[in-house]
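Residue numbers (this note's numbering): 30 to 241. Yeah, the Cβ is synthetic: ideal placement off N, Cα and C, and Gly gets one too. Here the structure is a predicted model, which means the values were calculated and not measured. Reviewing the structure listed below.
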């Protein structure tokens with residue numbers, strides 16, 4: 030019994046230490062929701078439902094950061110998207126391509142694996158998207174695309190006091206193309222690190238990975 034309580038106390042001490050360190054460094058653990066079909070599709074291939082991630086809550090998120098923001102149309106849910114435009118910027122979306130102030134985001138190379146399977150948020154059917162690496166504002170991140178016929182061209186001048194959000198999955202967006210520019214203060218953290226995926230600790234491919 031004494032050994033049991035000793036182990037219990039040590040476990041509590043370790044957990045308390047971890048929580049304290051997270052607070053000191055302004056980090057928060059968050060799990061990507063598993064019950065939000067549109068979010069699940071829009072965050073691919075960078076994230077997936079059930080991913081356990083770290084949110085960095087200090088400072089103001091900046092250009093190309095992947096952020097968690099309050100949905101301006103439904104305050105009880107979040108959106109996860111990338112800041113692709115700041116106040117004064119001109120943002121042009123042509124299909125999967127983003128052009129900011131006449132500077133086109135560049136493609137680097139395909140992901141490995143190149144094809145990623147997700148669920149269509151409208152039909153729940155499995156669909157494949159292409160995964161490649163895109164550089165935006167000097168930062169490289171994953172981008173998802175899929176042939177979906179004609180996609181409306183969107184061009185916006187970002188007003189003062191707002192930012193423009195863009196989903197990493199261009200085929201299934203949940204971003205400013207749907208709800209417009211948002212206030213940066215509605216974004217409460219940058220997603221910077223995945224601790225592990227919904228498959229758990231032993232999913233080594235998605236464990237302890239930085240999220241750009």
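Between which two residues does the alpha helix (DSSP H) holding residue i run?
i	result
residue 185	Per DSSP, residue 185 belongs to no alpha helix (DSSP H); it is in the beta strand (DSSP E), 183-186.
residue 208	205-208
residue 71	66-71
Can you give me the C-alpha to C-alpha distance between residue i and residue j, rounded to a whole angstrom?
i	j	result
residue 232	residue 97	24 Å
residue 189	residue 235	38 Å
residue 224	residue 83	7 Å
residue 129	residue 94	15 Å
residue 66	residue 100	14 Å
residue 72	residue 57	19 Å
residue 192	residue 146	30 Å
residue 135	residue 182	18 Å
residue 122	residue 185	9 Å
residue 203	residue 108	7 Å
residue 87	residue 200	31 Å
residue 139	residue 163	9 Å
residue 239	residue 221	6 Å
residue 116	residue 81	31 Å
Does the beta-carbon of residue i have 16 or more other beta-carbons within 10 angstroms, so that it is buried, or is it exposed?
i	result
residue 229	exposed
residue 4	This structure cannot speak to residue 4, because the chain is shown only from 30 to 241.
residue 68	buried
residue 141	exposed
residue 198	buried
residue 143	exposed
residue 154	exposed
residue 64	exposed
residue 111	buried
What residue range does the beta strand (DSSP E) around residue i cover?
i	result
residue 136	135-148
residue 155	155-165
residue 122	119-123
residue 194	193-195
residue 237	Taken as a continuous stretch (DSSP letters only), residue 237 belongs to no beta strand (DSSP E), as it is neither H nor E.
Under 8 Å by Cβ, that's how I've got residue i and residue j pegged, so tell me the actual separation to the nearest angstrom.
i	j	result
residue 175	residue 159	7 Å
residue 85	residue 172	Actually they do not touch by this definition, with Cβ atoms about 22 Å apart.
residue 125	residue 70	About 15 Å; that fails the 8 Å criterion.
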